[in-house]
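**Student:** This is the structure I want to talk about, given as structure tokens.
Number of protein chains: 2
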Amino acid sequence: MPATPNTTGLPTLLLNAPTLLIRPKAISTNLAALRAHVHAYAGSAAPRLWAVLKADAYGHGLVPTLSAVGLADGVAVGSLAELYDCRAAGWTKPILLLGLEQDVLPLADPSIGQVHFVLHDEAQIHTLAQLPPHLDLHIWLRHAGQLNFSGLKGQAYAQAYQQLQVLLKRKIIAGLGHLQHYAYAEDPVRLQNERAAILELQKALPGPLCTENSSALLASPQFAAHTQWVRSGVALYGINPLPGPSPIDLQAAMTLRAPLIAIQTLAPNEHLGYQASYTSPHRRRVGIVHCGYGFGYPRQIGSGCPCAVDGKASVILGRVSMDTLCVDLHHLPHARVGSQVSLWGEHGIHIEDVAACAGTIAAQLCTGLTARVQRHYLP
Amino acid sequence: MPATPNTTGLPTLLLNAPTLLIRPKAISTNLAALRAHVHAYAGSAAPRLWAVLKADAYGHGLVPTLSAVGLADGVAVGSLAELYDCRAAGWTKPILLLGLEQDVLPLADPSIGQVHFVLHDEAQIHTLAQLPPHLDLHIWLRHAGQLNFSGLKGQAYAQAYQQLQVLLKRKIIAGLGHLQHYAYAEDPVRLQNERAAILELQKALPGPLCTENSSALLASPQFAAHTQWVRSGVALYGINPLPGPSPIDLQAAMTLRAPLIAIQTLAPNEHLGYQASYTSPHRRRVGIVHCGYGFGYPRQIGSGCPCAVDGKASVILGRVSMDTLCVDLHHLPHARVGSQVSLWGEHGIHIEDVAACAGTIAAQLCTGLTARVQRHYLP
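Quick look at the structure:
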């Protein structure tokens, strides 16, 4: 049986296994669109923008996507290791180190360039106080806000702010601002309350603000004019985090594609999958796809989740297994072994919709792919 | 604030991030226990055993765990790449190549040693017929059975069997048997039907059988006496696939552990997490753990899922985020930043229970961890 002609321009070898096709150009296009959107509302007061590359650039690969965010004013990373990777790859602009690492001592190394550190714990201030002055080190004090994951609030926040002001005067740190993660970025009314609270805080404790994320920037970019730095993660990768449509056009930066490795024909009332997770009422042609939960395609997805076979709309049938999943071919007589199945990111299969079928959000899907998926970058 | 004393014998650096601790010794112990269990029921007729190492040894690492299955008669892998890795690492016994790769041409390379190939497609027989004779190549014809993922059935199966008998006589292949994956291995009655059907098939088409998996071997090992090869995956890693208790003691081969990076105190009725996914009725101390769905800990897990903090039982609170999750500390006054949180695999936190909280099975958890989790092997 001859294989389906390969019209993708990719080596055939890659298409025999689950493959992630990543388009850095989509990321730079999304970044430009988001900037234009914010500028249209915030005008000359438009803030600087952190491109969030934590979690290995949301699963897209940190180093291979770095050049795609060249127009950002800085990049935000989740670990010192990611920070070093960015510097080694030639990133010279500021880096925001999100507050997942506890230790501030490595920040004393002047070779790491301009670093912005998210501080969430009084103990970190005591260590900071022992660092030498004149580092290019900026501190963002994390306000716990409504999210309460980490950071300070109330009296403890004000006290930390005053201690950091002392370090600012001693030139141990070069800047001090307020950073908050919204708990309700997708809910306009509650978001407004969170914004009002941080403005109130800023009145009492002057300093720049870094509060906005993709959802907030897309839904209500006006507030960006009140801030000095904004952050964007998901939107850069073409993911719409809003419950409704995105106000700007976002291009998917990631496609998950896998080959058909077998075709079965079910008789009427015949079962498919472990514990007969699907039963066909009619005679039905079914495709077996070489992808499953062992690659990061969620097992929580059941029959009906959208996919595309050689570009034509279809659905998942039955339960996803470790190495395989099944797709409906009853309307696709031309599908054959070697046909390419798009699981998300092309042919109208939106990662947000697939995530909803798994009871989750798109960010889990793109960051949750395992090392067994082959990665390939498109020009 | 001094860190919690490190009594694990592991470098402290590793414990600042989500870490997977893998015990190859547990795998060899489980393998020995499973063999003894099968021998006790099947006696001198006990079949040979494939240790299933597909999906990077169910996320435990293929090469680092290979020496732990040295007592197996062969290993089963999911790809040619995994087969080559096993040979490069010094595995000289048979290798079963599960039928996820379509191409049989690489099997003509005599340097790959004794290979058992799971064949599921008539087209593969035509290619096989062109290979040179006297290869150490054994074919297992995959019966579609009740699972229907791939393989043949009925007339097509019998015809493929006859064609392969010709290749056997021509010495192009060195062996021919029947392989089936059960659809109902956890359901005693339906499993019995599946077994009866494959025995019936074998009567008409003589040849060795490879049908049993971990569930079947644990629940009803007697049938193994009728087979020539059995397979075990999950049980080797200490995972019990049965709905009830395992008849043999299984040791978890994998522990997922992560550090506390912050501690928050919630006021009564204060919220925690995105969209206020948890609200505390009382004043409550909460720990922020550096692990989340970006590492493979499922976002589908909600409040109440078990974990342990410095070895003491606790539960998850609120929604899992990309880099963090929250745990209850109301009863753990000694927990502090740097405390170690066991997410599964030790201190009574069973991966099967965590999987149930995510609406899935343990195999998804162990194969679904991303490359961002640090791996460490214990002696």
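Chains Z and L supply the protein sequences, listed in that same order. Each residue of the first sequence is one higher than the one before, counting from 1 in full-length UniProt numbering. Each residue of the second sequence is one higher than the one before, counting from 1 in full-length UniProt numbering. Yeah, the Cβ is synthetic: ideal placement off N, Cα and C, and Gly gets one too. From a predicted model like this one, the values you see are computed outputs, not experimental measurements.
1. So the candidates are I351/Z, G292/Z, V341/Z, Q264/Z; which of them puts its Cα closest to the Cα of Q251/Z?
2. Counting C-beta neighbours from all protein chains within 10 Å, is the total for L105/Z 16 or more, i.e. buried, or is it exposed?
3. Check whether chain Z comes within 8 Å of E346/L, counting only Cβ atoms and requiring the distance to be less than that.
4. So for L168/L, helix, strand or coil by DSSP?
5. Rounded to the nearest angstrom, what separates A308/L and Q364/L at their Cα positions?
6. Let's see if you can read the secondary structure: which residues bound the beta strand (DSSP E) around I349/L?
7. Between which two residues does the beta strand (DSSP E) holding Y377/Z run?
8. As an exercise, report each continuous alpha helix (DSSP H) stretch of at least 4 residues that is fully enclosed by the stretch 17-51 of chain Z, in chain order.
9. With DSSP as the reference, label W140/Z as helix, strand or coil.
10. Kindly list the residues whose CB is nearer than 8 Å to the CB of P11/L, restricted to its own chain and excluding five residues on each side of it in sequence; keep chain order.
11. Do you know whose CA, among D187/Z, Q180/Z, A225/Z, lies nearest A197/Z's CA?
12. In whole angstroms, what is the alpha-carbon distance linking A224/Z and L20/L?
13. Is Y274/L helix, strand or coil when you go by DSSP?
14. Taking Cβ positions only, does H290/Z come closer than 8 Å to chain L?
15. Tell me whether M1/L sits in a helix, a strand or coil according to DSSP, three-state version.
16. Looking at chain A, is there any beta carbon in it that lies within less than 8 Å of the beta carbon of T279/L?
17. Nearest chain Z C-beta to D56/L closer than 8 Å, yes or no?
18. So with CB distances below 8 Å, who are the chain L contacts of H60/Z?
19. I'd like to know if V337/L contacts chain Z, where contact means its C-beta is closer than 8 Å to some C-beta of that chain.
20. Are the CB atoms of L71/Z and A32/Z nearer to each other than 8 Å?
21. Give the interface partners of S150/Z over in chain L, defined as CB-CB distance under 9 Å, in chain order.
22. By the DSSP assignment, the alpha helix (DSSP H) with H126/Z in it spans what residues?
23. With distance defined between alpha-carbon atoms, name the residue in L34/Z, I248/Z, S67/Z nearest to P24/Z.
24. If you follow the alpha helix (DSSP H) that V189/Z is in, where does it begin and where does it stop?
25. Of all the residues that make up the stretch 289-312 of chain L, which are near chain Z by a beta-carbon distance shorter than 7 Å?
26. In three-state DSSP terms, what is S79/L?
27. Output, in chain order, the set of chain Z residues within a Cβ distance shorter than 9 Å of Y237/L.
28. Below 7 Å on C-beta distance, what does G359/Z contact in chain L?
29. Taking the CB atoms as reference points, tell me whether P221/Z and V38/Z lie closer together than 8 Å.
30. Determine the direct distance from the alpha carbon of S339/Z to that of L152/L, and round the result to whole angstroms.
31. Mind the definition here: the stretch 199-219 of chain Z touches the stretch 235-244 of chain Z only if three or more C-beta pairs lie below 8 Å; say whether that holds.
32. I'd like to check one pair, I301/Z with S150/L: are the Cβ atoms closer than 8 Å?
33. Counting only C-beta atoms, is E200/L closer than 8 Å to chain Z at any point?
34. Using the beta-carbon of each residue, which ones in chain Z are nearer than 8 Å to E194/L?
35. Should A204/L go down as buried or exposed, given a rule of 16 or more other Cβ atoms within 10 Å for buried?
36. Taking only runs of the beta strand (DSSP E) that begin and end inside the stretch 60-121 of chain L, which ones reach a length of at least 3 residues, in chain order?
**Tutor:** Short version:
1. I351/Z
2. exposed
3. no
4. helix
5. 21 Å
6. Here I349/L belongs to no beta strand (DSSP E), and DSSP marks it neither H nor E.
7. 374-377
8. Correct list: 24-42.
9. strand
10. With a pLDDT of only 48 at P11/L, under 50, the local geometry of the prediction cannot be trusted, and the value read off the model is given with reservation. Cβ within range, chain order: n/a, list empty.
11. Q180/Z
12. 40 Å
13. helix
14. Judged by the 8 Å Cβ criterion, H290/Z is in contact with chain L.
15. Per-residue confidence for M1/L stands at a pLDDT of 36, beneath the threshold of 50, marking its modelled position as unreliable; the derived number appears in the next sentence. The DSSP-derived three-state label of M1/L is coil.
16. Absence of chain A from the displayed structure is noted, the protein chains being Z and L.
17. yes
18. Chain L residues near H60/Z: none, gap ~12 Å exceeds 8 Å.
19. yes
20. yes
21. I261, A262, I263, Q264, I288, T324
22. Note, H126/Z: alpha helix (DSSP H), 122-128.
23. S67/Z
24. It spans 188-204 - the alpha helix (DSSP H) in which V189/Z sits, taken as one unbroken run.
25. H290, Y293, G294, G296, R299, Q300
26. coil
27. Per Cβ cutoff of 9 Å: no residues; Y237/L is ~13 Å from chain Z at best.
28. Q300
29. yes
30. 20 Å
31. Three or more beta-carbon pairs drawn from the stretch 199-219 of chain Z and the stretch 235-244 of chain Z are found closer than 8 Å, and the two stretches are therefore classed as touching.
32. no
33. Using a CB distance cut-off of 8 Å, E200/L does not count as an interface residue toward chain Z.
34. Near E194/L there are no residues of chain Z at all, since even the closest Cβ is about 11 Å away, more than 8 Å.
35. exposed
36. 74-77, 95-97, 115-119
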